[in-house]
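Novice: A single structure is presented below for examination.
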Amino acid sequence: MTRVVFLLVPQLHLLDLAGPAQVFSSAADLGYDYQLHYVAEREQVPTVQGVPLVADTRWPELTPDDLMIVPGWRPAAHGPQGPVSPGDLRRLAEHHAAGGTVASVCAGAYALGRAGLLDGRRCTTHHEVQDDLARRHPAAQVVRDVLYVVDDRVVTSAGIASGIDVALHLVATRHGPATAAKIARTLVVYARRNGHEPQASALMRHRSHLSDSVHRVQDLIDSRYAEPLPLAELAAAGGVAERTLTRLFRASTGLTPLGYQQLLRVERAEHLIGHGATVEAAARAVGFTDARMLRRLRARPTRSAPVLSGSSRPGSGTPQATSRAA
Numbered sequence: 004m005t006r007v008v009f010l011l012v013p014q015l016h017l018l019d020l021a022g023p024a025q026v027f028s029s030a031a032d033l034g035y036d037y038q039l040h041y042v043a044e045r046e047q048v049p050t051v052q053g054v055p056l057v058a059d060t061r062w063p064e065l066t067p068d069d070l071m072i073v074p075g076w077r078p079a080a081h082g083p084q085g086p087v088s089p090g091d092l093r094r095l096a097e098h099h100a101a102g103g104t105v106a107s108v109c110a111g112a113y114a115l116g117r118a119g120l121l122d123g124r125r126c127t128t129h130h131e132v133q134d135d136l137a138r139r140h141p142a143a144q145v146v147r148d149v150l151y152v153v154d155d156r157v158v159t160s161a162g163i164a165s166g167i168d169v170a171l172h173l174v175a176t177r178h179g180p181a182t183a184a185k186i187a188r189t190l191v192v193y194a195r196r197n198g199h200e201p202q203a204s205a206l207m208r209h210r211s212h213l214s215d216s217v218h219r220v221q222d223l224i225d226s227r228y229a230e231p232l233p234l235a236e237l238a239a240a241g242g243v244a245e246r247t248l249t250r251l252f253r254a255s256t257g258l259t260p261l262g263y264q265q266l267l268r269v270e271r272a273e274h275l276i277g278h279g280a281t282v283e284a285a286a287r288a289v290g291f292t293d294a295r296m297l298r299r300l301r302a303r304p305t306r307s308a309p310v311l312s313g314s315s316r317p318g319s320g321t322p323q324a325t326s327r328a329a
């Protein structure tokens with residue numbers, strides 16, 4: 004079981020809380036073992052929007068697999084630093100030190116800063132308070148005008164709707180892009196990501212379109228990206244002819260089906276390498292027969308939208324004129 008603990012403060016923004024909570028609640032509906040907790044200094048928590056919340060004043064026992072999230076508040080209500088108690092700041096720091104992940108939405112980044120978790124790390128927050136956060140925490144590397152930043156299990160987001168974005172990213176990291184895609188479609192949200200940041204997943208960058216056929220094909224590729232996928236099978240999943248699929252896919256995403264699959268493979272391989280896997284092991288884990296193709300794709304100046312003609316055998320170094328997506 005993974006606990007997701009939301010630390011609530013007076014005058015928090017409802018969407019800062021409700022967006023991520025809905026994502027993890029939807030993950031639980033899909034069968035993933037998430038348990039949501041809402042804790043605060045007092046049982047009654049007023050919100051900016053006027054809807055009062057009821058929280059638990061007792062903290063659950065946490066493990067490194069659990070996640071702590073600090074939703075944002077209206078800075079004018081308390082000053083941007085917020086009314087987070089020293090005890091709660093200590094809990095944030097201790098959870099991270101024990102191997103857990105901590106996250107913030109909007110002004111919640113101030114709590115992570117006061118807990119010492121932003122020093123030497125990249126972070127972000129709402130554009131209206133980015134400069135103030137940088138001034139108050141000069142040891143932090145504030146990245147401006149992005150939706151979210153992930154740095155060593157410290158996750159910060161711009162706030163409001165981007166809380167949904169960062170929660171989808173965390174779900175994709177833990178359970179794969181297909182699960183995050185299913186949740187995004189359940190929430191009926193565009194998968195919006197900042198293309199300049201490497202943590203912006205291919206799934207999210209290339210899902211902001213309205214083609215149901217292409218979405219169905221992407222669902223299949225997302226769930227089986229490490230397998231060879233014949234173009235005929237993908238076209239059948241989309242309910243269209245092979246030529247039509249290639250045309251629709253490129254028009255909707257800027258990619259061929261193969262380009263999209265390879266992008267998923269590379270991003271998953273980057274994640275594995277970042278967690279200690281060798282390039283060879285990561286290449287095999289994501290479906291390449293050896294590391295040559297992975298090295299070739301990683302060396303490209305821009306991997307956000309590789310439009311590849313033709314297709315290739317998994318792991319081969321040269322494109323082949325076959326009908327397979329990979």
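With the working numbering, letter number 191 in the sequence shown gets 194, and the count goes up by one each step, no holes. Positions of the beta carbon are idealized from the N, C-alpha and C atoms, including for glycine.
Report the rounded CA-to-CA distance for A308 versus Y41, giving the unit in angstroms.
Specialist: Residue placement at A308 is poorly supported in this model, since its pLDDT is 38, which falls under 50; the coordinates still yield a value, given next. Taking the straight line from one Cα to the other gives about 39 Å.
Novice: Excluding the 5 residues flanking G123 on each side, which residues of the same chain have their C-beta closer than 8 Å to its C-beta?
Specialist: Correct list, in chain order: A142, A143, Q144.
Novice: Specify, as a first and last residue, the run of the beta strand (DSSP E) that F9 falls within.
Specialist: It spans 5-10 - the beta strand (DSSP E) in which F9 sits, taken as one unbroken run.
Novice: Within 8 Å, do at least three Cβ pairs link the segment 103-118 to the segment 152-165?
Specialist: The segment 152-165 vs the segment 103-118: in contact.
Novice: Between G241 and the rest of its own chain, which residues show a CB-CB distance below 6 Å, the 5 nearest in sequence each way excluded?
Specialist: So the qualifying residues of the chain are S216, R219, V220, L248.
Novice: Out of E270, L173, H274, T189, point me to the one whose CA is closest to R303's CA.
Specialist: Among E270, L173, H274, T189, the Cα nearest to that of R303 belongs to E270.
Novice: Am I right that L332 and L213 are in contact with their C-beta atoms under 8 Å? What's the rounded C-beta distance?
Specialist: The structure shown does not extend to residue 332, since the chain is modelled only from 4 to 329, so the question has no answer here.
Novice: Between I167 and V26, which are expected to be in contact by the criterion C-beta below 8 Å, what is the C-beta distance as a whole number of angstroms?
Specialist: Contact flag correct, Cβ pair sits at about 6 Å.
Novice: Terminal residues of the continuous beta strand (DSSP E) containing Y35?
Specialist: Where Y35 is concerned, there is no enclosing beta strand (DSSP E), given that its DSSP letter is neither H nor E.
Novice: Using only the alpha-carbon positions, how far apart do A203 and P23 sit?
Specialist: Legend: pLDDT at A203 = 44, less than 50; position of this residue unreliable, value from coordinates given subsequently. Cα to Cα, A203 sits roughly 17 Å from P23.
Novice: What span of residues does the alpha helix (DSSP H) with D215 cover, start to end?
Specialist: Here the alpha helix (DSSP H) through D215 covers 215-226.
Novice: By the 10 Å Cβ neighbour count, where 16 or more other Cβ atoms means buried, how is H130 classified, buried or exposed?
Specialist: Flag for H130 reads exposed.
Novice: If you follow the alpha helix (DSSP H) that L70 is part of, which residue opens it and which one closes it?
Specialist: First-last for L70: 70-73, but that is the beta strand (DSSP E), not the alpha helix (DSSP H).
Novice: For G116 versus P67, is the C-beta spacing smaller than 7 Å?
Specialist: Result no, Cβ atoms of G116 and P67 do not sit closer than 7 Å.
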